[in-house]
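Comments concern the structure below.
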Amino acid sequence: MRTIWHIQRYPIIMFMVIAAALLISLMGFHRLNLDVDFSDYFAPSDPRFVAFNSMMEKFERHDQLWLLLETQQDWRDKEPQAQLINFIDKLKASQDIVSIQGYNQFVQGTAKEDKILNYKAHPRLASVLSANGQGLLLQLRLSNHRVQDFKTQSLWLDDVLQRMDSDSSEYWQPLGVNTYFNGTHALNWQYARVLSHDLSWFAPALLGIILLMAVLFIRQKLWVLALCINCGITLVLSMGLAAWLKLTLTAITAFVPVIIVTLGLAYASHLYFGWRGEINRGQTNEQALRHAVKINQAPLFYSSITTIFGFSLLMFSPSPPIQSFGLLVAFAVLCNYLLTLTILLFFARHSKPSMTKGLDFSGVVAIAKWNAGQPMAVMTGIVLISAFALVSVSKLTLNDDPLSYFESSNPFSLSSEKMTQYFSGINLQHYVVSSAANEQLAKAEISFIYKFSRFLKRQPQVVKVQHIGDWIKSAGVGQNQFKQILANNSVTDLGLAGELSADKQSSLVTLYLQPMTAMELIAFEHKVGDWLAEHSTKVMVSAPIASNLMFAHLSVENANNMLLSFAVALIVLAILLCVLKRSIIFGVMGLLLNFLPLLWVFALWQLNGGFISLGTAVVLGMMLGIIVDDTLHLMLKLPDSKVLSERAIWLSLYKVLPVISFTTLTIALGFSIGLLSAFAPIVHLSLLSCLVVIFAWGFDVLMLPVLYRRWISSRLYKEGNSS
1 MRTIWHIQRY
11 PIIMFMVIAA
21 ALLISLMGFH
31 RLNLDVDFSD
41 YFAPSDPRFV
51 AFNSMMEKFE
61 RHDQLWLLLE
71 TQQDWRDKEP
81 QAQLINFIDK
91 LKASQDIVSI
101 QGYNQFVQGT
111 AKEDKILNYK
121 AHPRLASVLS
131 ANGQGLLLQL
141 RLSNHRVQDF
151 KTQSLWLDDV
161 LQRMDSDSSE
171 YWQPLGVNTY
181 FNGTHALNWQ
191 YARVLSHDLS
201 WFAPALLGII
211 LLMAVLFIRQ
221 KLWVLALCIN
231 CGITLVLSMG
241 LAAWLKLTLT
251 AITAFVPVII
261 VTLGLAYASH
271 LYFGWRGEIN
281 RGQTNEQALR
291 HAVKINQAPL
301 FYSSITTIFG
311 FSLLMFSPSP
321 PIQSFGLLVA
331 FAVLCNYLLT
341 LTILLFFARH
351 SKPSMTKGLD
361 FSGVVAIAKW
371 NAGQPMAVMT
381 GIVLISAFAL
391 VSVSKLTLND
401 DPLSYFESSN
411 PFSLSSEKMT
421 QYFSGINLQH
431 YVVSSAANEQ
441 LAKAEISFIY
451 KFSRFLKRQP
461 QVVKVQHIGD
471 WIKSAGVGQN
481 QFKQILANNS
491 VTDLGLAGEL
501 SADKQSSLVT
511 LYLQPMTAME
521 LIAFEHKVGD
531 WLAEHSTKVM
541 VSAPIASNLM
551 FAHLSVENAN
561 NMLLSFAVAL
571 IVLAILLCVL
581 KRSIIFGVMG
591 LLLNFLPLLW
601 VFALWQLNGG
611 FISLGTAVVL
621 GMMLGIIVDD
631 TLHLMLKLPD
641 SKVLSERAIW
651 LSLYKVLPVI
661 SFTTLTIALG
671 FSIGLLSAFA
681 PIVHLSLLSC
691 LVVIFAWGFD
701 VLMLPVLYRR
711 WISSRLYKEG
721 NSS
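Residue 1 is where the sequence shown starts when you use full-length UniProt numbering, and the numbers rise one by one after that.
Structure representation (structure tokens):
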């Protein structure tokens, strides 16, 4: 307490320290990595991610950028083919395109110029021309020579693909042809656009909420100014931390500023309403401010600690962006706490109290009083609903699909549907089959690939299997003859760089799968793994390699870590309340008041068809640190002495319940901004967070008074009489 007011005696030094921190943060801004890449969700050291990158280097993949052309005619007809050749010529004139492969090679005859292997039916034709002839694929390889002209690779990619999209639409739309981009580049392009969309909505929405809170509740100009300055400084310092530590920033990170500003506004409001209450009682500005700090210092400190602890637990996630998410918010909460007790107090001391009162939530106390009069009904209802909620939550499943993170109207979603409609979809999985003796592929490896392929084709989840055997059969050569051809020619000369490694010791088996949930993908992985353990004794076969499968494992590991973090946070909360209030009963009450809201919300989520995903799992990790703050403010301000009366209880609640009602409204409104997002994880996180905050407020208002009167006041009253 003394330190807080001692600092206020030296405002120049205080502002110089803050200015120095801002300067250091701003100096690091050039280090911010603003490139957006879907692969950022994986840790660089993740064995599955390492294997994926190794496969991309070893084999020539053709899935970075696809252009799908859809027509009501037949691409095998002469007129559409002539239009296609003209379009290819236009594309080749672009300096951003290195090469174009796909169905155009069959139209132009370049796919059949291979004199080493003469195919009866080219194995790649079915992959670039649909069975009905109405859909075709072009694989575009981009030149990155213009990357240095842009600040980030994401901006370069956006410029290139926007040009290509515009040129393609301009050429094909008059001809009744639809164009769709798919592949890794198209995914990252839309991913970056979603981030841009979200930021464009989040900023004005935040300003709108601050303005709304100022007009309706905080009608003091200097207080509002101080809150805005605090939020601005906290944002700059947080981004400075991200820059200097080179944290991974992704689309989900766009929600971090929303959380920072929302929590900053909510936490500082405790001081404002404490100050306002004393002003209304006739105290001077200085007296009111000192009293507000005195009664809120401990709750603010412990609530900040629990929030920092809650968000810090996100760092146990296996995903770097979620780790960054947790670290940034935890750091921001610390900054906001320090700024609230420095800059905010500086401006508040110079504030001239106005007689205009803002809206308040005093009516909440009347609701709490009425509810406290029906303790048995309240307790019975809570027990019954919680029992049903436990049953519902037990049915929650993990169903995360990163390709469904975009809205159904998103261009990538539409192109993915077309890829499934005309071809075999985009749910690919790969196995690398290698020689156990580190030699050129021979009869043993090829025979195993055929056997493996037959097993895979019998699985209902598999749409299609591609492997080197397709090329051998289509060329009409035997395995021994192919072995000789392979020994005398390079993989590139044979046109098999996508199926064989350059050293000819490894071959790629590619599966096209039905759309599957995360758990279904993992179950399929185990089923194939069991078969391989029994039949792959003479060859080396890699673990399955696929981006969807990596996300499935990431989601499972993240959910498990968040569940463990939630359990740890609950235990720490109980211990903290037991120590602060010197009573185990307070610890039990804290557990119930913060566990049950999450239980009820996730039960409701399951009943409405919800599932555990990357965004919903984060709610488990972070929300406990937020909702416990109001519980701490309530419990630390409630009387726990033996000199206790009914009047003392409601007097304490009258001072606190309206304030936590304001903070609940603020946090709920702030988090609801995420519903404007075009990215599913943010929408899920936002919706569940809003519901948890509202439910937690309901438990604090309706359940806490009942429990306190029944467990605490009655016990203290009995102890007082017995003494």
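Quick reminder that beta carbons are idealized off the backbone N, C-alpha and C, glycines included.
request  = Quick one: give me the first and last residue of the alpha helix (DSSP H) that residue 622 is part of.
outcome  = 614 to 637
Start-to-end residues for the beta strand (DSSP E) that takes in residue 5 = That residue, residue 5, is in no beta strand (DSSP E); its alpha helix (DSSP H) goes 2 to 7.
message = Looking at the secondary structure, which residues open and close the alpha helix (DSSP H) in which residue 346 lies?
response = 345 to 349
key: Exposed unless 16 or more other CB atoms sit within 10 angstroms - verdict on residue 308   = buried
request  = Note down, in chain order, each residue of its chain lying with its Cβ closer than 6 Å to the Cβ of residue 617, except the 5 sequence neighbours on either side.
outcome  = 558, 559, 562
ask   = Ends of the alpha helix (DSSP H) at residue 326?
value = 320 to 339
ask   = Taking all protein chains shown into account, do 16 or more other C-beta atoms lie within 10 angstroms of the C-beta of residue 460, making it buried, or fewer, making it exposed?
value = exposed
ask   = How about the stretch 657 to 670 and the stretch 255 to 270: do they share at least three Cβ pairs that are nearer than 8 Å?
value = yes
ask   = For residue 16, which residues of its own chain have a beta-carbon under 7 Å away from its beta-carbon, when the five flanking residues on both sides are left out?
value = none
query = What residue from 93, 581, 133 has the CA that sits closest to residue 635's CA?
reply = 581
key: Of the listed residues 8, 706, 7, 629, nearest to residue 378 (C-alpha basis)   = 706
task = With DSSP as the reference, label residue 229 as helix, strand or coil.
result = helix
query = Just reading off the alpha helix (DSSP H) that residue 369 is part of, what are its end residues?
reply = 363 to 372
query = Short check: CB of residue 507 to CB of residue 439, under 8 Å?
reply = no
request  = Please look up how many angstroms separate the CB atoms of residue 186 and residue 412, rounded, as I've assumed it's under 8 Å.
outcome  = 6 Å
message = Looking at the strands, I want to know which residues DSSP matches up with residue 520.
response = Answer by DSSP bridge pairing: none, since residue 520 is not bridged.
DSSP beta-bridge partners of residue 100 = 140
inquiry  = I'd like to check one pair, residue 314 with residue 786: are the Cβ atoms closer than 8 Å?
reply    = As shown, the chain starts at 1 and ends at 723. That puts residue 786 outside it, with no answer to give.
query = What's the C-alpha gap between residue 212 and residue 666?
reply = 10 Å
Candidates 518, 511, 576: closest to residue 545 by CA position = 511
request  = Enumerate in chain order the residues of its own chain whose CB-to-CB distance from residue 113 is below 8 Å, with the five nearest sequence positions on each side excluded.
outcome  = Unreliable positioning characterises residue 113 in this predicted model, as indicated by a pLDDT of 48, which lies under 50. The coordinate reading is nonetheless provided below. Excluding sequence neighbours, residue 113 sits near nothing in its chain.
Bridge partners - residue 679, DSSP secondary structure assignment = 406
request  = Using a threshold of 8 Å, state whether the C-beta atoms of residue 615 and residue 684 are closer than that.
outcome  = yes
inquiry  = Rounded to the nearest angstrom, what separates residue 577 and residue 34 at their Cα positions?
reply    = 41 Å
request  = Could you have a look at residue 151 and say whether DSSP puts it in helix, strand or coil?
outcome  = coil
ask   = Using the beta-carbon count (16 or more within 10 Å), is residue 418 buried or exposed?
value = buried
key: Span of the beta strand (DSSP E) around residue 68   = 66 to 70
task = For my contact list, residue 701 and residue 382 are in at a C-beta cut-off of 8 Å; report their separation, rounded to the angstrom.
result = Not confirmed; about 13 Å, so no contact.
Residue closest to residue 543, alpha-carbon to alpha-carbon, out of 555, 534, 535, 526 = 526
ask   = By Cβ distance below 8 Å, which residues in the same chain neighbour residue 724 in space, the five residues on each side in sequence not counted?
value = Beyond the ends of the chain as shown, which are 1 and 723, falls residue 724; an answer cannot be given.
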